[in-house]
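Residue numbers (our numbering): 14 to 143. Here's the structure, in structure tokens; my notes come after.
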Amino acid sequence: MKALSVRQPWAWAIIYALKDIENRGWPIHYRGDILIHAAKTCTKKEYQVAREFCQGMGIVIPDLISLRRGQVIGIVTIVDCKFSQVASGWGLPGQYHWKLENPREITPIPYIGRLGIFEVPDDLVMEVAA
């Protein structure tokens, strides 16, 4: 199954806080389900910036120490992708906004992430997503 690494706390926000836009510098033509992998790295500064952004959206995120990292944590459906110069909600200006729907938590799967879209063996996913 296709997967995307997302740094915390953004990965958490996609699965648990209804973050319905993923901001990327490149478009995606794929539509359908994709695994959300919580990247292993997250600096305190990155966390603080994300925390302030989320607070502005009325969302309180968990402490950095409690966020899962280096694991696949959920599944979401990519339904659209559009470039935007305008900020709106979760969307940042000058980015491709990947429109996300139907976030689902799964039993976490330890896995090494990669840049871009990558594949996770179906047999690993079927055990926890059923």
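Note that the Cβ used here is the ideal one computed from N, Cα and C, for glycine as well.
Item                                                                                                                                                       : Value
Is any heavy atom in the ligand GDP found nearer than 7 Å to the beta carbon of R117?                                                                      : Looking at this structure, you won't find the ligand GDP or any other ligand, since it has none at all.
Is the beta carbon of I49 closer than 8 Å to that of D15?                                                                                                  : Here residue 15 is Lys; the residue named in the question, Asp, does not match the sequence. Taking 8 Å as the Cβ cut-off, K15 and I49 do not qualify as a contacting pair.
For A63, which three-state DSSP category applies?                                                                                                          : helix
Indicate the three-state DSSP secondary structure (helix, strand or coil) for D33 in the structure shown.                                                  : coil
Between which two residues does the beta strand (DSSP E) containing A51 stretch?                                                                           : 45-51
If contacts are defined as beta-carbon pairs under 8 Å, then V133 and V62 qualify, I think. What distance do you get, rounded to the angstrom?             : In fact, because the Cβ distance is near 28 Å, the residues do not count as touching under 8 Å.
How is G87 classed by DSSP in three states: helix, strand or coil?                                                                                         : strand
Between which residues of its own chain and P123 is the CB-CB distance below 7 Å, once the five residues before and five after are set aside?              : G83, Q84
For A51 versus L80, is the C-beta distance shorter than 8 Å?                                                                                               : yes
Taking its Cβ as the centre, do 16 or more other Cβ atoms sit within 10 Å of E35, making it buried, or is it exposed?                                      : buried
Could you pull out every residue in the same chain whose Cβ sits closer than 7 Å to the Cβ of R117, ignoring the five residues on either side in sequence? : G87, I88
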